[in-house]
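See below for the structure under consideration.
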Amino acid sequence: MKKRLFSIRAKQLFILLFFIGIGLSYGKMDRSVHAAEKYPYLIKVNRKMSTLTVYEKDEKGKYTVPVKAMLCSPGWDTPLGTYQTKAKYRWKLLMEDVWGQYSTRIVDGILFHSVWYYERDPATLSNKQFNKLGTVCSHGCVRLSVEDAKWIYDNCSLGTTVTIYDSSDPGPLGKPQGIKLSINYGMGYDPTDIWSAGNPYITKKASITGAKSQSVKLGAAVNVLSGVKAYSSLGTDISSEIEVSVTYNGNNADGVDSKVPGKYKVIYSVTDGVGKSAKKTVTFTVKGSTAKPKLTGVKDILVGPDAKVNRTLVLKNVKASWNSKTISKKSIKTKIAKSEDSSYYDVTYSVTAENGKTKTASCKVFVDNEAPVFTGVENREIAWDTEVTEEFALEGIGVTDDYSEMSVDDIVVGIDKVDSKTYEITYIAQDDFLNEVSQVVTFQVTNFLRIENAKDLTISKYDVVSETYVRNQGITAFDYYTDVTYRMKIQIEESKPGVYTITLSISNEKGHTRETTVVYTKSEDY
Numbered sequence: 001m002k003k004r005l006f007s008i009r010a011k012q013l014f015i016l017l018f019f020i021g022i023g024l025s026y027g028k029m030d031r032s033v034h035a036a037e038k039y040p041y042l043i044k045v046n047r048k049m050s051t052l053t054v055y056e057k058d059e060k061g062k063y064t065v066p067v068k069a070m071l072c073s074p075g076w077d078t079p080l081g082t083y084q085t086k087a088k089y090r091w092k093l094l095m096e097d098v099w100g101q102y103s104t105r106i107v108d109g110i111l112f113h114s115v116w117y118y119e120r121d122p123a124t125l126s127n128k129q130f131n132k133l134g135t136v137c138s139h140g141c142v143r144l145s146v147e148d149a150k151w152i153y154d155n156c157s158l159g160t161t162v163t164i165y166d167s168s169d170p171g172p173l174g175k176p177q178g179i180k181l182s183i184n185y186g187m188g189y190d191p192t193d194i195w196s197a198g199n200p201y202i203t204k205k206a207s208i209t210g211a212k213s214q215s216v217k218l219g220a221a222v223n224v225l226s227g228v229k230a231y232s233s234l235g236t237d238i239s240s241e242i243e244v245s246v247t248y249n250g251n252n253a254d255g256v257d258s259k260v261p262g263k264y265k266v267i268y269s270v271t272d273g274v275g276k277s278a279k280k281t282v283t284f285t286v287k288g289s290t291a292k293p294k295l296t297g298v299k300d301i302l303v304g305p306d307a308k309v310n311r312t313l314v315l316k317n318v319k320a321s322w323n324s325k326t327i328s329k330k331s332i333k334t335k336i337a338k339s340e341d342s343s344y345y346d347v348t349y350s351v352t353a354e355n356g357k358t359k360t361a362s363c364k365v366f367v368d369n370e371a372p373v374f375t376g377v378e379n380r381e382i383a384w385d386t387e388v389t390e391e392f393a394l395e396g397i398g399v400t401d402d403y404s405e406m407s408v409d410d411i412v413v414g415i416d417k418v419d420s421k422t423y424e425i426t427y428i429a430q431d432d433f434l435n436e437v438s439q440v441v442t443f444q445v446t447n448f449l450r451i452e453n454a455k456d457l458t459i460s461k462y463d464v465v466s467e468t469y470v471r472n473q474g475i476t477a478f479d480y481y482t483d484v485t486y487r488m489k490i491q492i493e494e495s496k497p498g499v500y501t502i503t504l505s506i507s508n509e510k511g512h513t514r515e516t517t518v519v520y521t522k523s524e525d526y
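Count the sequence shown with full-length UniProt numbering and you get residues 1 to 526, in order.
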């Protein structure tokens with residue numbers, strides 16, 4: 001009976017130990033799993049840059065993924081090294097009888113906690129100390145905003161690893177921008193403490209002032225931020241944080257282009273350090289004409305060789321206007337380019353109106369540096385009885401110029417009788433730009449082809465006027481000193497009854513010709 005009782009008890013003990021073993025094994029496995037889930041974050045504090053970065057694990061279980069950056073205020077007494085958090089306190093009395101919210105002990109007397117309060121009251125925050133967030137200023141603890149201190153308090157279990165180090169690199173997420181409180185009041189609430197019901201910052205909003213719809217004159221300077229201010233929910237000026245977006249005809253634009261008429265929608269937006277946003281939309285209306293300016297008086301210019309081809313010259317007769325308003329010549333741009341042979345200049349004009357429209361025009365400036373050219377000016381042989389006058393000297397003479405219109409009337413003739421048989425003739429002409437040509441030739445008197453004793457006669461009404469009759473009147477012809485009367489040609493024309501016009505002519509093999517005319521008139525008296 002005793003043996004059977006022992007056997008039953010042995011079986012019961014075996015079963016009990018079996019289940020205890022299973023329980024212990026399960027508990028060990030459960031603790032391992034929960035250990036992995038218990039510490040999802042690693043905290044690194046860059047003491048030198050007053051920046052805290054929270055990391056979570058990557059696929060390999062290493063804390064390499066940065067997820068959150070916080071602005072903090074450690075102290076130079078904050079110890080470097082790696083620690084595990086030890087305890088948490090909703091409110092904690094700190095050095096010098098001040099208080100901190102959401103404290104987490106790192107090591108010894110070093111804590112994460114909010115900026116300190118004068119009393120155990122969320123309305124007694126030291127504004128001055130809050131504004132120091134982001135600087136090394138504590139006695140050793142790591143100060144944070146309430147929002148950040150509470151995040152660690154809520155999300156990082158005791159035993160979470162904290163590494164404190166120094167580096168000039170704030171961290172992979174950079175150093176967050178801080179917010180500032182008014183120092184007109186010594187104490188108040190932490191703006192990030194949305195869990196304290198009496199916090200006035202909870203209902204305060206960011207704001208934008210001075211933004212209003214307006215009309216813009218075409219071409220006028222436009223500054224969409226002129227007079228526009230932004231204020232945080234804390235009352236601080238955050239105008240430098242304003243972001244502006246512009247649309248024109250429903251499309252994104254780089255800004256308000258005052259050169260293009262129409263309506264521009266301008267949207268101002270700003271977000272303060274505690275995440276409060278403000279937005280305002282206005283309309284800028286650009287009014288004005290889209291017409292191009294006008295350029296008048298642009299035409300080719302002709303100048304002489306001594307002219308200065310410059311801006312003053314090319315703008316002399318040029319005018320610019322827009323919408324019937326004169327545009328100052330100072331606003332007309334000119335470009336002058338000299339040709340390779342220096343015979344002309346290419347000139348380009350451009351003027352831009354207030355609406356940004358541009359008008360261009362061009363011309364050439366021709367430089368007249370060539371003198372006129374004579375035709376027919378040459379040395380001559382003249383008959384002994386030639387009267388050398390200006391009119392005679394200009395017979396067969398012409399003058400031309402590349403730019404100026406010229407005629408024989410523009411030629412000045414100088415006659416100098418050198419001796420009884422020689423004349424020196426000087427021809428001079430100037431074009432409109434005083435380019436001058438001068439040429440000297442000689443007229444040489446020569447006794448060739450002369451007709452002598454040819455004169456008008458009154459003859460008897462009974463005379464028969466014939467070639468023989470004319471030759472019998474004693475008329476002779478000479479080539480130099482040779483009598484060539486026999487070669488003289490006689491042409492008789494009865495111009496009216498009893499009146500005969502007789503033309504006498506002689507020529508030689510050199511092509512010289514001499515001609516004279518006489519009139520024979522019959523008389524009724526004999």
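Idealized CB from N, CA, C, for every residue including glycine. Since this is a predicted model, take the numbers as computed values, not measurements.
Closer than 7 Å: K522 CB and nearest the ligand NAP heavy atom: As far as ligands go, the structure on display features none, and thus does not contain the ligand NAP.
Candidates E436, V437, G474, S438, of which the one nearest N453 by Cα: G474
Beta carbon of E119 nearer than 8 Å to that of W99: yes
Where T160 falls: helix, strand or coil (DSSP): coil
Contacts around Q439, its chain only, beta-carbon distance under 7 Å, and the 5 residues preceding and following it disregarded: F374, V377, Y427
Host beta strand (DSSP E) of E452 (start-end): For E452, the uninterrupted beta strand (DSSP E) segment begins and ends at 450-452.
Same chain, Cβ closer than 8 Å to A253, neighbours up to 5 away in sequence not counted: V246, T247, Y264
Close-in-space but distant-in-sequence residues of the same chain around R450 (CB under 8 Å, 5 per side omitted): Excluding positions up to five away in sequence, the list reads A383, W384, D385, A477, F478, R514.
I194 and G273 closer than 8 Å at C-beta: no
Same chain, Cβ closer than 7 Å to V365, neighbours up to 5 away in sequence not counted: I301, V303, V309, V314, Y344, Y345, V347
F478: first and last residue of the uninterrupted beta strand (DSSP E) it sits in: Annotation for F478: the continuous beta strand (DSSP E) segment containing it runs 476-479.
Terminal residues of the alpha helix (DSSP H) in which V470 lies: Taken as a continuous stretch (DSSP letters only), the alpha helix (DSSP H) holding V470 covers 467-471.
Nonlocal neighbours in the same chain, by C-beta distance under 6 Å from residue 612, ignoring five residues either side: Only positions 1 to 526 of the chain appear in this structure, which leaves residue 612 out of reach.
Y185 - containing beta strand (DSSP E), residue span: Per DSSP, Y185 is not a residue of any beta strand (DSSP E), being assigned neither H nor E.
Contact between the region 164-172 and the region 121-132 (3+ Cβ pairs under 8 Å): no
Inter-residue spacing [alpha-carbon to alpha-carbon] between I336 and E370: 22 Å
Whole-angstrom C-beta distance between A220 and V282, which should lie under 8 Å: About 17 Å separates the two Cβ atoms, so there is no contact after all.
Beta bridge counterpart(s) of F433 as assigned by DSSP: DSSP output for F433 lists no bridge partner at all.
S342 versus Q430 - alpha carbon distance: 21 Å
Between the CA atoms of N46 and P74 - distance to the nearest angstrom: 9 Å
DSSP bridge partner residues for H139 (one or two, in chain order): Its beta-bridge partners do not exist; DSSP assigns none.
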